[in-house]
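Here's the structure we're looking at; comments come further down.
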Amino acid sequence: MLRFAAIRILRAVLTIALVVTFAFIVLRLSGDPARSIMGDDASPEAMAAFRREWGLDQPLWMQYLHYFAAIFQGEFGRSMRGGGPALDLVLGRIPATLMLTLPALLMKLAIGIPAGIYAALHRDSAIDRAVMVTAVAGYTVPSFILGLVLVQVLSIWFAWLPTGGTGSLLHLILPIITLGVGGAAVLARFVRSAMLEVLGQPYIRTASAKGIPWAAVVRGHALPNAAIPTVTIVGFMVGNLIAGAVVVESVFSWPGLGNLLVVSVTARDLAVVQCILLLVAVAMVLSNLVVDFLYGFLDPRLAEANSTGGH
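Residues in the sequence shown are numbered consecutively from 249, following our numbering.
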């Protein structure tokens, strides 16, 4: 188990380092922050002074070393637009993002898991087909399209809810629904498939043949075994809480982390973008790390197989 944990932690650290490196290089190659922030009318001397101030006139490898050295000292740079610490700016937006993403996650779990289980237990019934058609429609419609449709119907046609912004609980409803629908649909399909696979196993038929009530077979054998693969998709959703809100926050003008990312990318505010991407990478990697440990807890054979390379 210790070997299993050590391998997973090492992979997590390497993954974060690779993501940060990739983001650093892509941001430097995607455009000139001096021109984006100062505008085309700025003089060449002013732009050169801007690049010197922010270290952009140094070779890429030197900027990279300075960036990593600063991270290990707890320094995440300053915003090129506002001048304040990038980390403070990012941390200040997290509560707004969590106000949308946490209720959306609960919505996904509350709808997706029961719907998937019910559809699997009533396979090929009218309800099963209805659940699957709804699920396919739910995850194939892009979130920004769904958001715009909800705004058109519920805000413009019926005037029941605000089109965007903040100020009351009513402002939360449309963004949460937009975020939750796609995840609930994916979860319903995934849980249904996991349950059907488990229900087809010989030990389920054996338990049923022994006269054990079907409800007890489902509770005692099917649900615990179907939970193992389901943990994977739930862990991914937890890690994706921040990244998944980028588009929805822009559609509804929600002042969260996703909105800040879009604005910062447009302005080439490198320190802020790098800080957000680092935060998203850490969240994703940590959630996957927790999932790996849950695997080892739910089924120690998986941990043993992974730690020995499957032998």
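From the three backbone atoms N, C-alpha and C, an ideal C-beta is built for every residue, glycine too.
To the nearest angstrom, how far is the alpha carbon of Gly492 from that of Gln306? As a working mapping, residue 492 is identified with position 244 in the sequence shown. As a working mapping, residue 306 is identified with position 58 in the sequence shown. Computed Cα separation, rounded: 34 Å.
Using three-state DSSP, classify Pro333 as helix, strand or coil. The residue given as residue 333 occupies position 85 in the sequence shown. The DSSP-derived three-state label of Pro333 is strand.
CB of Phe392 within 8 Å of CB of Val499, strictly: Sequence index remark: in the sequence shown, residue 392 carries index 144 (1-based). Sequence index remark: in the sequence shown, residue 499 carries index 251 (1-based). The answer is yes: Cβ separation under 8 Å.
When burial is assigned at 16 or more other CB atoms within 10 Å of the CB, is Phe406 buried or exposed? To locate residue 406, count along the sequence shown from 1; it is residue 158. Result: exposed.
Relative to the C-alpha of Ala217, which candidate in Arg251, Phe324, Phe320, His314 has its C-alpha closest? Residue 217 cannot be examined here, being either before or after the span of the chain that is shown, 249 to 559.
Rounded separation between Gly487 and Thr388 - CA only: By one-based count along the sequence shown, residue 487 stands at place 239. By one-based count along the sequence shown, residue 388 stands at place 140. Whole-angstrom Cα-Cα distance: 21 Å.
Closer than 7 Å: Pro351 CB and nearest the ligand FMN heavy atom: Within the structure as shown, the ligand FMN is missing, as the structure has no ligands at all.
Touching or not, the segment 412-420 and the segment 331-342, by the rule of three or more beta carbon pairs under 8 Å? Too few Cβ pairs lie closer than 8 Å, so no.
DSSP three-state label for Arg326, please. Position 78 of the sequence shown, counted from the start, is the residue given in the question as residue 326. DSSP, read as helix, strand or coil, puts Arg326 in strand.
Check whether the Cβ atoms of Leu444 and Ala383 lie closer than 8 Å to each other. Residue numbering aside, residue 444 sits at position 196 when the sequence shown is read from its first letter. Residue numbering aside, residue 383 sits at position 135 when the sequence shown is read from its first letter. Taking 8 Å as the Cβ cut-off, Leu444 and Ala383 do not qualify as a contacting pair.
What do you get for Met328, buried or exposed, if any count of 16 or more other CB atoms within 10 angstroms of its CB means buried? Locating residue 328 in the sequence shown gives position 80, counting from the first residue. Buried, because 16 or more other Cβ atoms sit within 10 Å of the Cβ of Met328.
Please classify Gln306: does DSSP put it in a helix, a strand, or coil? As a first step, residue 306 is located in the sequence shown; it is residue number 58 there, counting from the start. Gln306 falls in the coil class under three-state DSSP.
Are Lys356 and Met532 close, meaning C-beta to C-beta below 8 Å? Taking the sequence shown and counting its residues from 1, one reaches residue 356 at position 108. Taking the sequence shown and counting its residues from 1, one reaches residue 532 at position 284. In this structure, Lys356 lies away from Met532, with their beta-carbon atoms at least 8 Å apart.
His419: buried (16+ other C-beta within 10 angstroms of its C-beta) or exposed? The residue labelled residue 419 in the question sits at position 171 within the sequence shown. Under this definition His419 is a buried residue.
So, at 6 Å on beta carbons, what are the nonlocal neighbours of Ala378 in its own chain, with the 5 sequence-adjacent residues on each side left out? In the sequence shown, counting from the first residue as 1, residue 378 sits at position 130. Its chain contains no residue whose beta carbon lies nearer than 6 Å to that of Ala378 once the 5 sequence neighbours on both sides are disregarded.
Any Cβ of chain B within less than 8 Å of the Cβ of Leu266? Here chain B cannot be found, since the structure has a single protein chain.
With the cut-off set at 8 Å, would you say Ala352 and Leu427 are in Cβ contact? Reading the sequence shown from its first residue, position 104 is the one you call residue 352. Reading the sequence shown from its first residue, position 179 is the one you call residue 427. Cβ atoms of Ala352 and Leu427: closer than 8 Å.
Could you work out which residue in Ile460, Leu394, Ala474, Gly322 is closest to Cys523 when comparing CA atoms only? Taking the first residue of the sequence shown as position 1, residue 523 is located at position 275. Taking only the C-alpha atoms, the option nearest Cys523 is Gly322.
Applying the 10 Å Cβ sphere with the 16-neighbour rule, what's the burial state of Thr269? Here residue 269 refers to the residue found at position 21 of the sequence shown. Thr269 should be labelled exposed.
Close beta carbons around Val530, own chain, < 8 Å, minus the five adjacent residues each side: Translated into the one-based positions of the sequence shown, residue 530 becomes position 282. Take Val530, set aside five residues on each side of it, and the residues of its chain with a beta-carbon closer than 8 Å to its own are Ile264, in chain order.
By how many angstroms is the C-alpha of Thr480 removed from the C-alpha of Leu471? On the sequence shown, residue 471 is found 223 positions in, with the first residue counted as 1. On the sequence shown, residue 480 is found 232 positions in, with the first residue counted as 1. Taking the straight line from one Cα to the other gives about 15 Å.
Assuming the contact rule is C-beta atoms closer than 8 Å, Gly430 and Gly386 should be a hit. Round their C-beta distance to whole Å, please. On the sequence shown, residue 430 is found 182 positions in, with the first residue counted as 1. On the sequence shown, residue 386 is found 138 positions in, with the first residue counted as 1. Gly430 to Gly386, Cβ: 6 Å. Contact.
If we count the other Cβ atoms within 10 Å of its Cβ and call it buried at 16 or more, is Val261 buried or exposed? To locate residue 261, count along the sequence shown from 1; it is residue 13. Classification of Val261: exposed, given that the 10 Å Cβ count is below 16.
What's the C-alpha gap between Ser284 and Pro292? The residue labelled residue 284 in the question sits at position 36 within the sequence shown. The residue labelled residue 292 in the question sits at position 44 within the sequence shown. Those two C-alpha atoms are separated by around 14 Å.
Check this for me: beta carbons of Ala463 and Val446, under 8 Å apart or not? The residue you call residue 463 lines up with position 215 of the sequence shown. The residue you call residue 446 lines up with position 198 of the sequence shown. Cβ atoms of Ala463 and Val446: not closer than 8 Å.
Taking only three categories from DSSP, how would you classify Ile481? Working through the sequence shown from its first residue, we reach residue 481 at position 233. Reduced to three states, the DSSP call for Ile481 is helix.
When you compare each of Gly331, Leu348, Ala432 to Val381 by their alpha carbons, which one comes out closest? Numbered from its first residue, the sequence shown carries residue 381 at position 133. Ranking Gly331, Leu348, Ala432 by Cα distance to Val381 puts Ala432 first.
Helix, strand or coil, according to DSSP, for Leu420 in the structure here? Numbered from 1 along the sequence shown, position 172 holds the residue referred to as residue 420. Under the three-state reduction of DSSP output, Leu420 falls in the helix class.
In whole angstroms, what is the alpha-carbon distance linking Ser535 and Arg251? Start at 1 with the first residue of the sequence shown, and residue 535 comes out as number 287. Start at 1 with the first residue of the sequence shown, and residue 251 comes out as number 3. Computed Cα separation, rounded: 19 Å.
Pro423 burial status per 10 Å Cβ neighbour count (16 or more: buried): Sequence index remark: in the sequence shown, residue 423 carries index 175 (1-based). Residue burial is scored here from C-beta neighbours: Pro423 has at least 16 other C-beta atoms within 10 angstroms and is therefore classed as buried.
What residue range is occupied by the uninterrupted alpha helix (DSSP H) comprising Phe298? As a position in the sequence shown, residue 298 is number 50, starting the count at 1. Its alpha helix (DSSP H) spans residues 292-301.
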